[in-house]
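Read the structure below first, then the notes.
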Amino acid sequence: MFNEPDHLWKLLWDYDPNGLIVVDPDLYIRLANPAFCKMFQLELKDLIGQPAEAIFDDVEDFKKTWQQNLVIRGKFKEYPKHNLYVKQVFFAIESEGVIASILVDISHELMQKREFDKLKRETIEKVNQVVDNQMKVVQEIAGLLGETTAETKVNLFKIIQILENHPL
9 MFNEPDHLWK LLWDYDPNGL IVVDPDLYIR LANPAFCKMF QLELKDLIGQ
59 PAEAIFDDVE DFKKTWQQNL VIRGKFKEYP KHNLYVKQVF FAIESEGVIA
109 SILVDISHEL MQKREFDKLK RETIEKVNQV VDNQMKVVQE IAGLLGETTA
159 ETKVNLFKII QILENHPL
């Protein structure tokens, strides 16, 4: 039984971590795998027969795939309502009269990228603050050195005048 192709395909369909959805040319949902249902937090029974627009805010890629018999790869879409960011592939199976889409959940990668970008921004901001503080300290030191140098010069000139006017 395990070696039967139909059984293997069923296992792949059920256990594939990527979301898989199949719609007809009128863009009604015909089938979805468990990973898709989990991504969108829906039950399969609530999906079947629904218009794809009920799930996807934009169905143009499905239409384009069917009308032009294209394979569209690497479309990035965000579904904020579901905290979901996916990379999608669309393809038509004309002989069966369906359009399929594979959704690879890359939400974790996006979250990591956003965290890294935030850390990078914060680090740059802190480095700029440190440089600004260093510049202030340098300016204060330079000001103090200038003042003490001027005072020293004045006092040395006084000593020179005293020595010149009052010989020993």
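Take the sequence shown: its letters are residues 9 to 176, numbered as in the numbering used here.
Idealized CB from N, CA, C, for every residue including glycine.
A residue is called buried when at least 16 other Cβ atoms come within 10 angstroms of its Cβ; Met-47 meets this threshold and is buried.
DSSP, read as helix, strand or coil, puts Asp-65 in coil. In the DSSP assignment, Gly-27 forms a beta bridge with Leu-111. Using a C-beta cut-off of 8 Å, the segment 97 to 112 makes contact with the segment 29 to 41, since at least three inter-stretch Cβ pairs fall below that distance.
Collapsing the DSSP output to three states places Gly-57 in coil. Counting the other CB atoms within 10 Å of its CB gives Trp-17 a total below 16, which places it among the exposed residues. The C-alpha of Arg-122 is placed about 23 Å away from the C-alpha of Gly-27. Under the three-state reduction of DSSP, Leu-164 is assigned to helix. DSSP, read as helix, strand or coil, puts Gly-82 in strand.
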